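Worksheet: one structure, shown below.
Here you go:
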């Protein structure tokens with residue numbers, strides 16, 4: 001492309017008609033061909049990558065391998081493997097749908113990966129993508145070092161990925177996974193069965209802690225809705241396919257988080273720990289409750305808006321937390 005061309009002239013490169021489907025399927029043959037083609041199409045289309053992947057190559061790799069029922073860690077030599085005519089058409093159709101409908105790849109192929117585990121994924125719940133996966137894989141070090149855990153809770157579980165992964169990485173834990181959405185819980189139950197953890201993971205329908213009377217946990221982990229209304233209105237089209245119930249939480253994103261902070265102490269053991277993801281709403285929470293000693297967890301890529309709090313700290317600052325939560329009600 002000539003850098004001296006006008007913007008209108010340059011746009012012709014991206015608005016030219018798509019190649020004839022039959023011609024494309026003749027030109028593309030191998031797995032790596034389709035990954036390269038998909039990545040190029042995704043880049044040219046200006047897609048948003050925020051559902052498990054942050055770049056077009058990983059996005060195209062997920063789409064192609066999952067549509068061929070192949071694992072993401074397939075040996076590189078298999079990249080030269082040829083697709084059948086039926087497979088070529090199926091992959092091309094998925095690439096076009098990703099571009100035209102702005103559907104997340106996980107919804108197109110019905111699966112995604114979280115904490116090294118495969119999960120079913122569809123529009124009943126958000127696509128799994130929490131940085132809490134890193135904590136699970138590391139055994140929650142150093143947060144649980146020397147701490148005895150028997151019972152854990154995944155609050156606002158969605159697809160069930162966090163709670164199921166906790167149970168898989170810690171087979172001696174009993175884990176409750178809770179959501180208010182019947183649709184999300186139906187998907188979570190399918191994932192419990194898919195991962196064969198039904199003996200130690202219990203799905204429960206509850207509005208936060210409402211249906212958990214008498215239950216106490218050594219660890220509560222939550223990735224609740226925390227997107228503000230203004231942020232939601234500005235989100236790219238990919239996010240419109242996810243349930244809004246799983247995304248938004250008031251004008252500052254803190255409505256549900258404050259309810260969790262207000263009620264969690266009653267459901268934690270004496271030495272219990274609360275871990276909550278609130279993303280960009282971290283700044284609003286620090287400003288609202290400056291006296292609460294939130295510990296913001298550092299991840300490999302840096303801070304991700306996830307805090308840890310001890311039960312005793314929740315009790316110590318209960319009055320301030322309750323006042324902030326009551327103001328929302």
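In full-length UniProt numbering, the protein residues as written are 1 to 329.
Every residue, glycine too, gets a C-beta built ideally from N, C-alpha and C.
Predicted model, so just to flag it, every value in this text is computed and none were measured.
So residue i and residue j are supposed to be a Cβ contact under 8 Å. How far apart are they, rounded?
| i | j | result |
| --- | --- | --- |
| residue 124 | residue 183 | 4 Å |
| residue 272 | residue 218 | 5 Å |
| residue 131 | residue 292 | The Cβ separation is near 21 Å, so there is no contact. |
| residue 257 | residue 289 | In fact, because the Cβ distance is near 10 Å, the residues do not count as touching under 8 Å. |
Return the residue from the list the options that minimises the CA-CA distance to residue i.
| i | options | result |
| --- | --- | --- |
| residue 83 | 315, 305, 27 and 62 | 27 |
| residue 78 | 30, 52 and 107 | 30 |
| residue 73 | 90, 91, 107 and 113 | 113 |
| residue 119 | 68, 191, 108 and 167 | 191 |
| residue 81 | 97, 64 and 45 | 64 |
| residue 209 | 287, 266 and 309 | 266 |
| residue 336 | 289, 288, 290 and 282 | Residue 336 lies beyond the stretch modelled for the chain, which goes from 1 to 329, so this question has no answer here. |
| residue 109 | 137, 68 and 136 | 68 |
| residue 300 | 254, 151 and 134 | 134 |
| residue 143 | 298, 156, 327 and 329 | 298 |
| residue 111 | 161, 305, 139 and 185 | 161 |
| residue 158 | 148, 185, 138 and 56 | 185 |
| residue 136 | 164, 151 and 238 | 164 |
| residue 246 | 227, 329 and 235 | 227 |
| residue 308 | 292, 291, 274 and 288 | 274 |
| residue 32 | 324, 60 and 250 | 60 |
| residue 239 | 132, 106 and 328 | 106 |
| residue 206 | 37, 248, 153 and 235 | 153 |
| residue 216 | 270, 66 and 201 | 270 |
| residue 66 | 280, 43, 94 and 197 | 94 |
| residue 45 | 62, 96 and 327 | 96 |
Here's the rule I'm using: 16 or more other beta-carbon atoms within 10 Å means buried, otherwise exposed. How should residue i be labelled?
| i | result |
| --- | --- |
| residue 172 | exposed |
| residue 388 | The question about residue 388 has no answer here: the residues shown for the chain are numbered 1 through 329. |
| residue 10 | Caution is warranted here: a pLDDT of 37 is assigned to residue 10, below 50, making its placement in the model unreliable, and no coordinate value can be reported. |
| residue 167 | buried |
| residue 213 | exposed |
| residue 170 | buried |
| residue 264 | buried |
| residue 229 | exposed |
| residue 98 | buried |
| residue 312 | exposed |
| residue 315 | exposed |
| residue 3 | Unreliable placement is indicated for residue 3, whose pLDDT of 38 sits below 50; the coordinate value is still reported in the next sentence. Counting Cβ neighbours within 10 Å, residue 3 comes out exposed, since fewer than 16 surround it. |
| residue 51 | buried |
| residue 251 | exposed |
| residue 287 | exposed |
| residue 188 | buried |
| residue 326 | exposed |
| residue 329 | exposed |
| residue 211 | exposed |
Which residues does DSSP list as the beta-bridge partners of residue i?
| i | result |
| --- | --- |
| residue 248 | 227 |
| residue 152 | 175 and 219 |
| residue 30 | 82 |
| residue 113 | 118 |
| residue 94 | In DSSP, residue 94 forms no bridge with anything. |
| residue 308 | 275 and 295 |
| residue 260 | DSSP, once it has assigned bridges, lists no residue as partnering residue 260. |
| residue 201 | 175 |
| residue 65 | None; residue 65 has no bridge partner. |
Do you know how far the Cα of residue j is from the Cα of residue i?
| i | j | result |
| --- | --- | --- |
| residue 15 | residue 303 | With a pLDDT of 38 at residue 15, under the threshold of 50, the modelled position of this residue cannot be trusted, and the question is left open. |
| residue 104 | residue 71 | 18 Å |
| residue 222 | residue 58 | 27 Å |
| residue 13 | residue 102 | Its pLDDT being 33, under 50, residue 13 is placed unreliably by the model, and the measurement read from it follows with that caveat. The straight-line gap from Cα to Cα measures roughly 21 Å. |
| residue 278 | residue 39 | 31 Å |
| residue 121 | residue 127 | 6 Å |
| residue 322 | residue 262 | 6 Å |
| residue 85 | residue 92 | 11 Å |
| residue 53 | residue 319 | 41 Å |
| residue 199 | residue 178 | 16 Å |
| residue 243 | residue 35 | 29 Å |
| residue 204 | residue 253 | 24 Å |
| residue 116 | residue 195 | 12 Å |
| residue 225 | residue 268 | 21 Å |
| residue 294 | residue 260 | 14 Å |
| residue 139 | residue 89 | 42 Å |
| residue 180 | residue 156 | 7 Å |
| residue 310 | residue 150 | 17 Å |
| residue 56 | residue 231 | 23 Å |
| residue 193 | residue 174 | 15 Å |
| residue 237 | residue 148 | 43 Å |
| residue 220 | residue 235 | 29 Å |
| residue 233 | residue 197 | 38 Å |
| residue 276 | residue 37 | 39 Å |
| residue 75 | residue 280 | 37 Å |
| residue 129 | residue 317 | 31 Å |
| residue 49 | residue 201 | 31 Å |
| residue 87 | residue 42 | 19 Å |
| residue 100 | residue 47 | 10 Å |
| residue 255 | residue 324 | 10 Å |
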